[in-house]
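What follows is a short report on a single structure.
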Amino acid sequence: MAKIGFLGTGIMGKPMAQNLQKAGHSIFVSTHHDAAPADLIAAGAVALANPKEVAQEAEFIIVMVPDTPQVEAVLFGENGVVEGVGPNKVVIDMSSISPTATKAFAEKIKATGAAYLDAPVSGGEVGAKAGTLSIMVGGCPKAFERALALFEAMGKNITRVGGNGDGQTAKVANQIIVALNIQAVGEALLFAAKNGADPAKVREALMGGFASSKILEVHAERMIKGTFDPGFRINLHQKDLNLALQGAKELGINLPNTSNAQQVFSTCVALGGGNWDHSALIKGLEHMANFSIRDDK
1 MAKIGFLGTG
11 IMGKPMAQNL
21 QKAGHSIFVS
31 THHDAAPADL
41 IAAGAVALAN
51 PKEVAQEAEF
61 IIVMVPDTPQ
71 VEAVLFGENG
81 VVEGVGPNKV
91 VIDMSSISPT
101 ATKAFAEKIK
111 ATGAAYLDAP
121 VSGGEVGAKA
131 GTLSIMVGGC
141 PKAFERALAL
151 FEAMGKNITR
161 VGGNGDGQTA
171 KVANQIIVAL
181 NIQAVGEALL
191 FAAKNGADPA
201 KVREALMGGF
211 ASSKILEVHA
221 ERMIKGTFDP
231 GFRINLHQKD
241 LNLALQGAKE
251 LGINLPNTSN
261 AQQVFSTCVA
271 LGGGNWDHSA
281 LIKGLEHMAN
291 FSIRDDK
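See the structure below:
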């Protein structure tokens, strides 16, 4: 059983840490930003003052925070992880951040003698709670093998994609696909409802055909019921699409549908929906159509 530092115990991080506890691992958390969740402490987690102390105590240090600046602060800020790591330790960033920044962060951590893995996840809060996350890993094979038992406690589909940065690249690709699928489902339901069909029945019919998908199963139901409490917030998905669009600019390629989905998300944000679940993209489509698929039309 491993000694694991877990930095970032929010919507995703907390259930991930709980699954590591259930697997028998020891968890150390930091109180430098927020108080440690009481249920993690009740289950045996140890609260320390800052990421440096967590890194000193743990063999594996997992970071699960919202964006690139927060990862940089946790790793390299005052009393950061870099001050507490060295040989035989593994830093695992499971946040979704810039692939370019990830490569730079990895080099700084590896200069201490520690190993570095970028291991972003897909599956949302549901997958985090169920321990069924898809985990996309970048880093050396030896570090990946050392961390595999940890990943298996949190996820089901675990793939080492390549070197540092490749895990984050895979996650950005994932977020492109998810956003475009959400938009496709939203447009289909809007089209059906505006034509007078029951969107719930349309969803039921489509679930048995080639259009069936996890997005149609889960997110279409949220769209129909109007339940937009976040599993994954729009402003976080926008962050990921910004990474995609910035990366596309650097690569000299065009991602026209990704750009369009980002604009619809921006409409939702303008409506005050930055913290809505990303399935609420349909509310941006509805706003532009001046029509709702639900009873609030």
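Oh and the sequence shown: position 197 is 197 in the UniProt record's numbering, straight run, nothing missing.
Every residue gets a Cβ at the ideal spot worked out from N, C-alpha and C, and that includes glycine.
Everything numeric in this text was worked out from a predicted model, so none of it was measured.
Among the candidates A211, A192 and V71, whose CA atom is the shortest distance from the CA of F291? Checking every option, the nearest Cα to that of F291 belongs to A192.
- Any idea what DSSP makes of I224, helix, strand or coil? Under the three-state reduction of DSSP output, I224 falls in the helix class.
Query raised in the report: Near P15, which residues of its chain fall below 6 Å by C-beta distance, leaving aside the five closest residues on each side in sequence?
Result: Closer than 6 Å at Cβ, skipping near neighbours: A128 and K129.
- Query: Within 10 angstroms of its Cβ, does V126 collect 16 or more other Cβ (buried), or is it exposed?
  - Reply: V126 is exposed by the Cβ-count criterion.
- prompt: Ordered along the chain, which non-local residues of its own chain (more than five positions away) have a Cβ less than 6 Å from that of Q238?
  reply: Excluding the 5 residues flanking it on each side, Q238 has same chain C-beta neighbours closer than 6 Å at F265, in chain order.
Open item on the list: Less than 9 Å between the C-beta atoms of S96 and L255, yes or no?
Closed with: It is not a contact, given that the beta carbons lie outside the stated cut-off.
* Does the separation of the CB atoms of F60 and I4 fall below 9 Å? -> Contact flag set, yes.
Please classify D39: does DSSP put it in a helix, a strand, or coil? Note: D39 maps to helix in three-state DSSP.
Cβ of T9 within 9 Å of Cβ of P37?
-> With contacts defined as CB atoms closer than 9 Å, T9 and P37 qualify as a contacting pair.
* Cβ atoms of P120 and G167: under 9 Å apart, would you say? -> Yes, they are a contact pair.
Handout entry: Alpha-carbon spacing of I135 relative to K156, whole angstroms
Key = Taking the Cα positions, I135 is about 8 Å away from K156.
Practice task
Mind the definition here: the stretch 90 to 105 touches the stretch 59 to 78 only if three or more C-beta pairs lie below 8 Å; say whether that holds.
Solution key: The stretch 90 to 105, when compared against the stretch 59 to 78, does touch it at the 8 Å Cβ threshold.
Alpha carbon to alpha carbon, how far is A270 from H32? Give it in angstroms, no decimals.
-> Rounded to the nearest angstrom, the two C-alpha atoms are 33 Å apart.
* To do: Note down the Cα distance separating K297 from K201, rounded to an integer number of angstroms.
  => In this prediction, K297 has a pLDDT of 45, which is less than 50 and means its spatial position is unreliable; nothing more can be read from the coordinates.
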